[in-house]
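Participant:
Protein chains: 2
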Amino acid sequence: MLALHGLAWKRLGAYLKESQLLGSIQNTLYWDQNTSMPCAGASWRAEQLSLLAKQIHERQSSDQLQDLLNAAKAEFEQLLALEELQPKTIIEKKRNIQLLEQDIKRQKSLDTGLVVSLAKSKSKGYELWQKARSENDFQIFAPALKELISLRHEEVRQLCEPRTAWETLAQPFEPDLTISRLNNLFDPLRKALPQLLDQSRSIKNNPTLSWELDPLSQGVLANQLFEDWSIDRSKTCLSQSPHPFSITLGPCDFRLTNRVVDGQPLSCFLATAHELGHSLYEQGLPCESHQWFAWPVGQATSMAVHESQSLFWENRVARSRAFSKRFWPIFVKAGAPFSSSFDLWRAMNRFKPCLNRVEADELTYGLHILIRTDLEIALIEGGLPVDDLPAEWNSRYKSLLGIQPNNDREGCLQDVHWSEGQFGYFPSYLLGHLISAQLSESMSNHLQEDGFDADDPIESCINKRQESLLLSWLRKEVHPIGRNMNSDELVETVTGSSLSSESFLKYLDRKLKIAFKGF
Amino acid sequence: MLALHGLAWKRLGAYLKESQLLGSIQNTLYWDQNTSMPCAGASWRAEQLSLLAKQIHERQSSDQLQDLLNAAKAEFEQLLALEELQPKTIIEKKRNIQLLEQDIKRQKSLDTGLVVSLAKSKSKGYELWQKARSENDFQIFAPALKELISLRHEEVRQLCEPRTAWETLAQPFEPDLTISRLNNLFDPLRKALPQLLDQSRSIKNNPTLSWELDPLSQGVLANQLFEDWSIDRSKTCLSQSPHPFSITLGPCDFRLTNRVVDGQPLSCFLATAHELGHSLYEQGLPCESHQWFAWPVGQATSMAVHESQSLFWENRVARSRAFSKRFWPIFVKAGAPFSSSFDLWRAMNRFKPCLNRVEADELTYGLHILIRTDLEIALIEGGLPVDDLPAEWNSRYKSLLGIQPNNDREGCLQDVHWSEGQFGYFPSYLLGHLISAQLSESMSNHLQEDGFDADDPIESCINKRQESLLLSWLRKEVHPIGRNMNSDELVETVTGSSLSSESFLKYLDRKLKIAFKGF
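Here the protein sequences come in this chain order: A and B. Heads up, the numbering used here is the position in the first sequence plus 821, with the first residue counted as 1. Heads up, the numbering used here is the position in the second sequence plus 821, with the first residue counted as 1.
(1) Please decide whether Leu850(B) counts as near chain A, where near means a Cβ-Cβ distance under 8 angstroms.
(2) Quick one: what's Leu1077(B) bridged to in DSSP?
(3) Quick check: the Cα distance between Gln1269(B) and Glu1280(B), rounded to an integer number of angstroms?
(4) Using the Cβ count rule (16 or more neighbours within 10 Å means buried), how would you classify Ser1249(A)?
(5) Should the stretch 1090-1097 of chain A be regarded as contacting the stretch 873-890 of chain A, the criterion being three or more beta carbon pairs within less than 8 angstroms?
(6) So, using beta-carbon positions, are Gly1098(B) and Gly1303(B) closer together than 8 angstroms?
(7) My understanding is that Leu1006(B) touches Leu1196(B), with C-beta atoms under 8 angstroms, so please give their C-beta distance in whole angstroms.
(8) Could you tell me whether the Cβ atoms of Trp950(A) and Val1179(A) are closer together than 8 angstroms?
(9) Give the DSSP-derived three-state secondary structure of Cys1089(B) in the structure shown.
(10) Measuring only the C-alpha atoms, how far is Gly1156(B) from Gly1232(B)?
(11) For Leu1077(B), would you say it is in contact with chain A, using Cβ-to-Cβ distances shorter than 8 angstroms as the test?
(12) Using the C-alpha atoms, what's the distance from Ser1062(A) back to Thr856(A)?
(13) Give the C-beta separation of Leu1017(A) and Leu1333(A) to the nearest angstrom, bearing in mind that I take them to be a contact with Cβ-Cβ under 8 angstroms.
(14) Going by beta-carbon coordinates alone, are Leu939(B) and Val1207(B) separated by less than 8 angstroms?
(15) Decide if the stretch 844-863 of chain A is in contact with the stretch 913-928 of chain A; the criterion is three or more beta carbon pairs, one per stretch, under 8 angstroms apart.
(16) Given that Glu868(B) touches chain A, what residues does it touch there, using C-beta distances under 7 angstroms?
(17) According to DSSP, simplified to helix, strand and coil, what is Ala1155(A)?
(18) Answer yes or no: do Leu1205(A) and Glu1213(A) have a C-beta to C-beta separation smaller than 8 angstroms?
(19) Comparing the C-beta of Leu823(A) with each C-beta of chain B, is any distance below 8 angstroms?
(20) Quick one: list the residues of chain A neighbouring Lys1056(B), beta-carbon separation under 9 angstroms, in chain order.
(21) Quick one: grab the DSSP three-state call for Gly1272(B).
(22) Looking at Ser1257(A): is its Cβ nearer than 8 angstroms to the Cβ of Leu1132(A)?
(23) Using a Cβ-Cβ cut-off of 8 angstroms, state whether Trp1294(A) counts as contacting chain B.
(24) If you check the beta carbons only, do Leu980(A) and Gly1187(A) fall under 8 angstroms apart?
(25) Would you say Gly1071(A) reaches chain B, if we count a Cβ-Cβ gap shorter than 8 angstroms as a contact?
(26) Could you pull the start and end residues of the alpha helix (DSSP H) that Gln1243(B) belongs to?
(27) Determine, for Asp853(B), whether the minimum Cβ-Cβ distance to residues of chain A falls below 8 angstroms.
(28) Fully enclosed by the stretch 1258-1329 of chain A, which alpha helix (DSSP H) runs are 4 residues long or longer?
(29) Starting from Pro983(A) and walking both ways along the alpha helix (DSSP H), at which residues does that stretch end?
(30) List, in chain order, every chain B residue whose beta-carbon is nearer than 9 angstroms to that of Ile846(A).
(31) With distance defined between alpha-carbon atoms, name the residue in Phe1159(B), Leu1326(B), Gln1259(B), Ser1289(B) nearest to Val1315(B).
(32) Going straight from the alpha carbon of Gly1339(B) to that of Glu975(B), what length do you get?
(33) Would you say Gln1112(A) and Val1081(A) are within 8 angstroms of each other, going by their C-beta atoms?
(34) Figure out for me which residue from His1064(A), Gly1084(A), Cys1058(A) has the closest Cα to the Cα of Leu1077(A).
(35) Which residues in chain A have a C-beta closer than 8 angstroms to the C-beta of Asp1074(B)? List them in chain order.
(36) To which residues of the same chain is Lys831(B) closer than 8 angstroms at the C-beta, ignoring the five residues directly before and after it?
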């Protein structure tokens, strides 16, 4: 009879909830650190965060959790035998069990000594990376990178998964990703992106306009996105931080930040759109009034899917023609020197190779990622010695983008990821573009059925200020999946086809055409 | 030999530090809740806070802490016998041991059931108090107040201290305070304040000026205080919240808030001065690069001393003549209708009875506190039934201030303290005025010796924009004491005399004279 009441399941849930409470406290400290904390608070904050990290790691690898999970699983199997559960419940519970087993196994496989060494090595890596950047000297960072790679190899040995080393490290970001699948997705891009880049060179670019937008106007424009996209301000708030981010602090507590960058008057607007996309995804995850908030299926399935959501709102919506038409008068009123909405659109959609990933346009962005992906696989899988990284980086930029860094700060020292020992994260950015494009095609088909202009249903929907319909579709088809599926399964389920680069390339081609011919 | 290295002491310190880390995380959540959190985040935040409160209570009442303390004490006694410790170290260590024993005893005496009931009863009390206020009906709140009083009586029984019930409850705010000492301090005020109030009625008040200051200017003025008082922005930050407060999040992380209130253009400026005073005290506590940050002697000794510091900066400095002279042009430029700096000073220093404590001037403020103190002692010590509170409140306002509330919202429902079961807190506000005045006299003597104008050395010091000297004196004489002494001992040590109401009354008298005769 006990089993019928699902008591073991509830006990497991209570345990997970306490872990999630601690995790969300950690997130609150992180938020505060980036939005409010005076700089001298850093070292005590680090101690607070280590204490929580220790508590959370202990909870996630404890025998108590294993016992609770075993009991919940046994109870679930009893209930299954009684055939009294709904099919949806069965699927979700099975998936929760499977993911918890996988997560515990991962946590338990790791030696505490290694966890501590990695944490230390990460902060040392970050510190030396900052120093190397400021002194523009890769050699300052090189020994730390070598140590991080060696510790990551030790981690791979301890995890002992049936995958290559790089694949093992990529799992937390992209579950089930393999190098062969990645090549399958990226190879067409290796060929097509340089060709598109070549085409783009003949676009008559805007003259290099030098213009500014006062910070107050930038704030007004960012807030306008909240209105246009009907963001619920009772649970979503916006602040400023040195680097924009989005974070979830509770089932009804979502935060995001933007920033004002001198000389980049569009940055604040586009970053807000991007972070809102991340936040809207989190807000649509299958919490069902907290039910899954602390459970695996209530969480984001992968970094690529997360990125697909931020990119959708940034590139498909905020960078759309309809949006430029809507915002052109506001920009002009605030002093922007655009004589038409197309001018604004071109400023939002420039195609020009640059050395910096975060400043890259939609077309060249992929090339930045291809370079990083190849290099980190080579670093981890053994082909590339750390000392050869700068030269290799520079030669690939020359060959793929036709430009070359003047120094390592502009080159292989530009991103933070490797300094924190994160390998396997970079592909998610490009996979996000692919997923966004393919999901957008399905969304377009749906909107077309609902009577929106067949030529570009999303554009037509935005034109009618009905972005809420875009969100409804994502809320119905994409967000509620959570970790019920990995990203490949999600795309196949939602779009009916396996993920490929086709939609993305089609989308880029179309955007280039607009750049050529105007509205 | 182990004892020589102070290992047991260090182990105790490590334990206390972990508790302090958790406590400061709690403070961070509180800060975030009041400055950033979207409203829908409240219920999850409450769960985060309960989890931390539970962890902290367990740590503060644990056998492990008791054992660590016993070992540290034994080790300390061994070291004492060897006569190798410095006198200052001996005093501080003894005091730490004494306070820790006292704090643990208090925590351990309380039954967990009672702690939980009290927590629940407090949040119910707060909820019903809000409801009673919004419906302006004391009877909605009365049952909760009765329950809170009954639970507090149970707490007093469990604590079983050699004091009366009200005194026992007042200890966390004012250690060692007794009712007889309180009467000794407050009785002269009961007589003198109404007389001063009578005198003040013949001051020719400013015409009731209706003026506003735009929020931006209010912000600029508040920030000017940071500059004028050389506040270290690398460890102090300012934000906005519905009710101004000051809080410490780490040994180098101090936060404070202000707010803009419609129709009260001086409120933001004065609240900033007040909260800065609290923060400067916390910043001057005997941390000695973290050494005592987690130890009792590193903490504020009482709410009254804390309040004395905020009141000093608010009333002696920001409400000074010199400050009005300095800020008059800025206020006028921002649109304030003052034809002289004295006009501004009068706006800052109005003497007029009102019904609301937080809006009261320095003279009538004391009367508000006398009423609350008498009433809560009567409520706790048995003389006054809860149901008679509103009538009793109103009649005391009539007799002491000559005005009477039209309803309970303007009357006995105005303050939050009792709704959260806090009894014994109110006197600290008035004690703070007394302490501030008496410390200011000593400070004045010191400044006079340093050559400042004998008539009013503090005023003369501010006139020369040398507020840093005021801070230096507090940093030397008052702040480093921490919990090494209680407030009475602190005042006696610093000023050479036992605390009394004399200096405060002298100060008020002097301020009234300025109001009469002008600058």
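In this text, a Cβ means the ideal position worked out from N, Cα and C, and glycines have one as well.
Facilitator: By the coordinates alone:
(1) yes
(2) Leu1059(B), Ser1067(B)
(3) 11 angstroms
(4) buried
(5) no
(6) no
(7) Contact flag wrong, Cβ pair sits at about 18 angstroms.
(8) no
(9) helix
(10) Between Gly1156(B) and Gly1232(B), the alpha-carbon positions lie close to 35 angstroms from each other.
(11) no
(12) 5 angstroms
(13) Indeed they touch by this definition, with Cβ atoms about 6 angstroms apart.
(14) no
(15) no
(16) By Cβ distance, chain A contributes Leu842.
(17) If DSSP states are grouped into helix, strand and coil, Ala1155(A) belongs with coil.
(18) yes
(19) Note on Leu823(A): pLDDT 47, under 50, position unreliable in the model; no value is reported.
(20) Pro859, Cys860, Ala861, Gly862
(21) coil
(22) yes
(23) no
(24) For the 8 angstroms CB-CB criterion, Leu980(A) and Gly1187(A) do not form a contact.
(25) yes
(26) Run containing Gln1243(B): none; DSSP gives neither H nor E here.
(27) yes
(28) Taking only runs of at least 4 residues, the alpha helix (DSSP H) segments lying wholly in the stretch 1258-1329 of chain A are 1278-1284, 1288-1298, 1308-1316.
(29) Taken as a continuous stretch (DSSP letters only), Pro983(A) belongs to no alpha helix (DSSP H), as it is neither H nor E.
(30) Ile846, Thr849, Leu850, Gln869, Leu872, Leu873
(31) Nearest option by C-alpha distance: Gln1259(B).
(32) 54 angstroms
(33) no
(34) Selection His1064(A), Gly1084(A), Cys1058(A) evaluated against Leu1077(A) yields Cys1058(A) as nearest (Cα-Cα).
(35) Met858, Pro859, Ala861, Gly862, Trp865, Arg866
(36) none
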